[in-house]
Amino acid sequence: MKAVVTASGGAMGGAIALRLAQEGADVVLNDRLEERTHTFEDDVRATGRDVLAVTANVTRQEGAAQVIGAAEERWGRIDILVNVVGGIKGPVVNPLLETTEDQWDYAMILNLRGTFLCTQLVAAGMMERRYGKILNIASVAWAGEAMHAHYAAAKAGVVAFTRSTATQLGPYNINVNAIAPGGTSRNIAIDMGTQPGEPPKIASSVSSSGPLGRTNLPEDIANAALFLVSEESRNISGQLLTVAGGSNPSL
């Protein structure tokens, strides 16, 4: 399998890329900062799979084309696309009356545009080959969590985009799904040392209050991603899988 994972210089994207490589996929890593692009390159290469790191901003047309083009030039096809790019500009707790126009626009661009551009660029090839797996990273915030309406709205857009493209691409044997992570630690190295039952050692991107009582490790998202891009989920499409310690705010 040939895979592209955006934002794979970060903990979540890097963990997904590594997990796919461990299961036999060749991987294009991507980040907008060169020093982060190579963070997981050696780990992926150690699996014995082919790996290519591409520094580019996929929220811009030229950046998305650079990443997708590099994969197609290398392998001639893309079987798996994982759109991880996303986030918030400014404080996570951001009341509506304090949210700026720039913060709103940034949330829409960062969380939606790259997902749209990369999906659009891989769709034609997947349709021609009548095969493909596309996975988008949303958030439990999509259901309308208070205090960051801009981020919630953007992630709700990711969910809607996922369902719309799943409907359009399904007749071509292309699966499109999304994951809604709850609180997920940002640093894979620190959390790898956390013992069962211990609180996370660093701050999470989103707090976790699920009945299991623990914040996600990046590997928790990676394992869910592996399932949704594998043949074990071949008859699942247009779905949102919540990974949040048993909490289901999105229901």
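In terms of our numbering, the sequence shown opens at residue 11 and continues consecutively.
By construction, the Cβ of each residue, glycine as well, lies at the ideal position given by its N, Cα and C atoms.
Subject >> Contact under 8 Å by Cβ, ARG59 with ALA17 >> reply: no
Original post:
Of all the options ASP52, GLY23, GLY100 and GLY19, which has the alpha carbon lying nearest to the alpha carbon of ILE189?
Top reply: GLY23
Subject >> Distance, ILE231 Cα to ALA148 Cα >> reply: 11 Å
**OP:** Could you tell me which residues DSSP pairs with GLY142 in its beta bridges?
**Re:** ILE184
Subject >> Given ALA134 as reference, the closest of SER195, ALA156 and GLY180 once Cα atoms are compared >> reply: GLY180
Original post:
Would you call the CB atoms of GLY19 and ASP41 closer than 8 Å?
Top reply: yes
**OP:** Scan the segment 15-68 and note each continuous beta strand (DSSP E) run of 3 residues or more that stays entirely inside, going in chain order.
**Re:** 36-41 and 61-65
Original post:
Would you call ILE228 buried or exposed, if buried means 16 or more other Cβ atoms sit within 10 Å of its Cβ?
Top reply: A small fix is needed here, since residue 228 is Pro in this sequence, not Ile. Buried is the call here.
Original post:
At a cut of 8 Å, does the segment 98-105 reach the segment 152-161 through at least three beta carbon pairs?
Top reply: yes
Subject >> Within 8 Å, strictly: CB atoms of GLU33 and LEU236 >> reply: yes
Subject >> Element boundaries [beta strand (DSSP E), containing THR252] >> reply: 250-253
Original post:
So, is ALA63 buried or exposed, given that buried needs 16 or more other C-beta atoms within 10 angstroms?
Top reply: buried
Original post:
For SER240, which of helix, strand or coil comes out of DSSP?
Top reply: coil
**OP:** Sort GLN76, GLY167 and ARG87 by Cα distance to ILE119 and report the nearest one.
**Re:** GLY167
**OP:** Could you give the DSSP three-state label for PRO191: helix, strand or coil?
**Re:** strand
Original post:
Which ranges would you report for the alpha helix (DSSP H) in the segment 83-133 if only whole runs of at least 4 residues count?
Top reply: 111-118
**OP:** Within 10 angstroms of the Cβ of ILE246, are there 16 or more other Cβ atoms? Answer buried if so, exposed if not.
**Re:** exposed
Subject >> Straight-line gap, VAL169 to GLU51 (C-alpha atoms, nearest Å) >> reply: 30 Å
**OP:** Since I believe VAL94 is in contact with VAL38 (beta carbons under 8 Å), could you give me their beta-carbon distance rounded to a whole number of angstroms?
**Re:** VAL38 to VAL94, Cβ: 12 Å. No contact.
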